[in-house]
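Take a look at the structure below.
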Amino acid sequence: MSPKKVKTPKPQPGDEPTETTSVPTQPPGETPAPIIGDVDVHMDAGESVPSGTNPEDEIARLRAEITHLTTERDMARLLASSMQERLADVKEALNEQKERVAELKDDNSRYRRKYNEAEANAKSWREKAEAAEDRYNTLDEDFSNLEEDFNRYQADNPERRERSPPRTTESEQFERDACALYEEDETDHRTNV
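In C-alpha coordinates:
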(Lines of atoms letter the chains of each structure in order from A and count residues from 1; the text may use other names and numbers.)
(Lines give C-alpha, C1' and ligand atoms only; values in the text may rest on other atoms or scores of the structure.)
Protein backbone atom coordinates (compact mmCIF):
# COMPACT_ATOMS: atom_id res chain seq x y z
CA MET A 1 0.00 0.00 0.00
CA SER A 2 1.29 3.35 -0.84
CA PRO A 3 0.69 6.07 1.68
CA LYS A 4 -1.57 8.93 0.57
CA LYS A 5 -0.44 12.46 0.94
CA VAL A 6 -2.74 14.50 3.10
CA LYS A 7 -2.45 18.25 2.96
CA THR A 8 -2.94 20.21 6.08
CA PRO A 9 -4.45 23.70 6.02
CA LYS A 10 -2.11 26.55 5.53
CA PRO A 11 -0.72 27.97 8.70
CA GLN A 12 -2.33 31.05 10.03
CA PRO A 13 -0.38 33.76 11.62
CA GLY A 14 0.39 32.80 15.16
CA ASP A 15 0.14 29.10 14.46
CA GLU A 16 3.20 26.85 14.58
CA PRO A 17 4.39 25.67 11.21
CA THR A 18 3.51 22.06 10.31
CA GLU A 19 4.95 19.73 7.71
CA THR A 20 3.21 17.45 5.32
CA THR A 21 3.21 13.93 6.75
CA SER A 22 2.30 10.64 5.18
CA VAL A 23 -0.32 8.54 6.96
CA PRO A 24 -0.63 4.98 5.77
CA THR A 25 -4.11 3.80 5.00
CA GLN A 26 -5.18 0.24 5.49
CA PRO A 27 -8.16 -1.86 4.65
CA PRO A 28 -10.52 -2.47 7.54
CA GLY A 29 -10.02 -5.67 9.56
CA GLU A 30 -6.22 -5.79 9.45
CA THR A 31 -4.06 -5.11 12.42
CA PRO A 32 -1.64 -2.33 11.84
CA ALA A 33 1.91 -3.51 11.64
CA PRO A 34 4.14 -1.84 14.16
CA ILE A 35 7.49 -0.87 12.82
CA ILE A 36 10.41 -2.39 14.65
CA GLY A 37 13.59 -1.25 13.16
CA ASP A 38 13.33 -1.68 9.41
CA VAL A 39 11.25 -4.92 9.47
CA ASP A 40 7.47 -5.04 9.35
CA VAL A 41 6.04 -7.59 11.78
CA HIS A 42 2.39 -8.52 11.36
CA MET A 43 0.62 -8.93 14.68
CA ASP A 44 -1.61 -11.75 13.45
CA ALA A 45 1.19 -13.77 11.86
CA GLY A 46 1.66 -17.24 13.43
CA GLU A 47 5.05 -18.30 14.74
CA SER A 48 4.84 -21.70 13.04
CA VAL A 49 5.48 -20.24 9.61
CA PRO A 50 9.08 -19.10 9.34
CA SER A 51 9.71 -16.09 7.16
CA GLY A 52 10.67 -16.95 3.64
CA THR A 53 8.87 -20.36 3.48
CA ASN A 54 5.68 -21.33 1.79
CA PRO A 55 2.98 -22.35 4.31
CA GLU A 56 1.71 -25.09 2.00
CA ASP A 57 5.18 -26.63 1.81
CA GLU A 58 5.46 -26.49 5.59
CA ILE A 59 2.03 -28.16 5.98
CA ALA A 60 3.05 -30.87 3.50
CA ARG A 61 6.32 -31.39 5.39
CA LEU A 62 4.49 -31.67 8.72
CA ARG A 63 1.95 -34.08 7.23
CA ALA A 64 4.77 -36.25 5.86
CA GLU A 65 6.46 -36.23 9.26
CA ILE A 66 3.18 -37.16 10.98
CA THR A 67 2.69 -39.99 8.47
CA HIS A 68 6.25 -41.19 9.09
CA LEU A 69 5.81 -41.08 12.88
CA THR A 70 2.43 -42.84 12.59
CA THR A 71 4.04 -45.58 10.49
CA GLU A 72 6.85 -45.95 13.02
CA ARG A 73 4.31 -46.12 15.85
CA ASP A 74 2.29 -48.79 14.01
CA MET A 75 5.46 -50.79 13.30
CA ALA A 76 6.46 -50.53 16.96
CA ARG A 77 3.00 -51.77 17.98
CA LEU A 78 3.24 -54.68 15.54
CA LEU A 79 6.71 -55.53 16.84
CA ALA A 80 5.52 -55.35 20.45
CA SER A 81 2.52 -57.55 19.59
CA SER A 82 4.77 -60.04 17.81
CA MET A 83 7.14 -60.09 20.78
CA GLN A 84 4.22 -60.67 23.15
CA GLU A 85 3.03 -63.60 21.02
CA ARG A 86 6.57 -65.01 20.90
CA LEU A 87 6.90 -64.58 24.65
CA ALA A 88 3.59 -66.41 25.14
CA ASP A 89 4.85 -69.23 22.88
CA VAL A 90 8.09 -69.44 24.84
CA LYS A 91 6.19 -69.53 28.14
CA GLU A 92 3.92 -72.28 26.81
CA ALA A 93 6.93 -74.30 25.61
CA LEU A 94 8.60 -73.78 28.99
CA ASN A 95 5.49 -75.03 30.80
CA GLU A 96 5.40 -78.08 28.51
CA GLN A 97 9.06 -78.77 29.30
CA LYS A 98 8.35 -78.42 33.02
CA GLU A 99 5.49 -80.91 32.72
CA ARG A 100 7.75 -83.29 30.77
CA VAL A 101 10.47 -82.99 33.41
CA ALA A 102 7.89 -83.72 36.12
CA GLU A 103 6.70 -86.78 34.16
CA LEU A 104 10.29 -87.98 33.73
CA LYS A 105 10.90 -87.51 37.45
CA ASP A 106 7.78 -89.56 38.21
CA ASP A 107 8.92 -92.26 35.77
CA ASN A 108 12.37 -92.22 37.31
CA SER A 109 10.87 -92.60 40.79
CA ARG A 110 8.73 -95.52 39.60
CA TYR A 111 11.69 -97.22 37.91
CA ARG A 112 13.86 -96.58 40.95
CA ARG A 113 11.23 -98.20 43.19
CA LYS A 114 10.97 -101.19 40.85
CA TYR A 115 14.77 -101.45 40.70
CA ASN A 116 15.02 -101.34 44.48
CA GLU A 117 12.29 -103.98 44.78
CA ALA A 118 14.05 -106.21 42.23
CA GLU A 119 17.36 -105.70 44.02
CA ALA A 120 15.74 -106.58 47.36
CA ASN A 121 14.16 -109.68 45.78
CA ALA A 122 17.50 -110.71 44.28
CA LYS A 123 19.17 -110.25 47.65
CA SER A 124 16.45 -112.32 49.31
CA TRP A 125 16.83 -115.10 46.73
CA ARG A 126 20.63 -115.01 47.13
CA GLU A 127 20.22 -115.36 50.88
CA LYS A 128 17.75 -118.24 50.37
CA ALA A 129 20.14 -119.93 47.93
CA GLU A 130 23.02 -119.55 50.37
CA ALA A 131 20.85 -120.96 53.18
CA ALA A 132 19.77 -123.87 50.95
CA GLU A 133 23.39 -124.54 50.02
CA ASP A 134 24.42 -124.50 53.68
CA ARG A 135 21.54 -126.86 54.50
CA TYR A 136 22.54 -129.16 51.63
CA ASN A 137 26.17 -129.20 52.80
CA THR A 138 25.05 -129.95 56.36
CA LEU A 139 22.78 -132.78 55.21
CA ASP A 140 25.50 -134.16 52.96
CA GLU A 141 27.95 -134.12 55.83
CA ASP A 142 25.39 -135.76 58.12
CA PHE A 143 24.71 -138.43 55.51
CA SER A 144 28.44 -139.12 55.11
CA ASN A 145 28.83 -139.41 58.89
CA LEU A 146 25.87 -141.77 59.12
CA GLU A 147 27.22 -143.84 56.26
CA GLU A 148 30.60 -144.09 57.98
CA ASP A 149 28.94 -145.02 61.27
CA PHE A 150 26.85 -147.67 59.54
CA ASN A 151 29.88 -149.17 57.77
CA ARG A 152 31.81 -149.25 61.07
CA TYR A 153 28.85 -150.87 62.78
CA GLN A 154 28.64 -153.54 60.10
CA ALA A 155 32.39 -154.09 60.29
CA ASP A 156 32.25 -154.38 64.07
CA ASN A 157 29.18 -156.65 64.05
CA PRO A 158 29.42 -159.08 61.16
CA GLU A 159 26.69 -161.27 62.62
CA ARG A 160 24.24 -158.42 62.51
CA ARG A 161 24.77 -157.70 58.88
CA GLU A 162 21.56 -157.62 57.01
CA ARG A 163 21.28 -160.09 54.30
CA SER A 164 20.78 -158.27 51.13
CA PRO A 165 17.79 -159.39 49.15
CA PRO A 166 18.47 -161.00 45.85
CA ARG A 167 19.23 -158.38 43.20
CA THR A 168 16.64 -157.96 40.55
CA THR A 169 16.62 -156.00 37.35
CA GLU A 170 14.29 -153.44 38.92
CA SER A 171 16.49 -152.92 41.96
CA GLU A 172 19.58 -152.50 39.81
CA GLN A 173 17.76 -149.96 37.65
CA PHE A 174 16.61 -148.09 40.79
CA GLU A 175 20.20 -147.92 42.09
CA ARG A 176 21.47 -146.67 38.75
CA ASP A 177 18.77 -143.95 38.65
CA ALA A 178 19.53 -142.92 42.23
CA CYS A 179 23.27 -142.69 41.50
CA ALA A 180 22.64 -140.68 38.33
CA LEU A 181 20.35 -138.29 40.20
CA TYR A 182 22.93 -137.85 42.97
CA GLU A 183 25.71 -137.18 40.44
CA GLU A 184 23.49 -134.66 38.62
CA ASP A 185 22.84 -132.80 41.88
CA GLU A 186 26.57 -132.78 42.62
CA THR A 187 27.32 -131.37 39.15
CA ASP A 188 24.69 -128.61 39.53
CA HIS A 189 26.01 -127.77 42.97
CA ARG A 190 29.60 -127.42 41.71
CA THR A 191 28.43 -125.30 38.75
CA ASN A 192 26.53 -122.87 41.01
CA VAL A 193 29.46 -122.51 43.36
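Residue numbers for the sequence shown follow this note's numbering, so the first one is 1059 and each next one is one higher.
The beta-carbon is built from N, C-alpha and C at its ideal position, and this holds for glycine as well.
Residue i versus residue j: straight-line alpha-carbon distance, rounded
i	j	result
V1113	L1127	Per the sequence shown, residue 1113 should be read as Pro rather than Val. Approximately 21 Å between the Cα atoms of the pair.
E1241	A1160	57 Å
L1239	Y1169	42 Å
F1208	R1234	21 Å
I1117	T1125	12 Å
T1196	R1158	56 Å
S1140	A1134	10 Å
Q1231	A1176	44 Å
C1237	S1202	15 Å
A1213	E1199	21 Å
S1229	E1185	39 Å
Q1155	K1181	38 Å
T1226	Y1194	31 Å
T1111	L1152	59 Å
Y1173	D1164	14 Å
A1178	A1189	16 Å
L1162	R1171	14 Å
E1206	S1167	58 Å
Three-state class that DSSP yields for residue i in the structure shown
i	result
N1209	helix
N1112	coil
N1153	helix
N1203	helix
N1195	helix
N1215	coil
S1167	helix
T1226	coil
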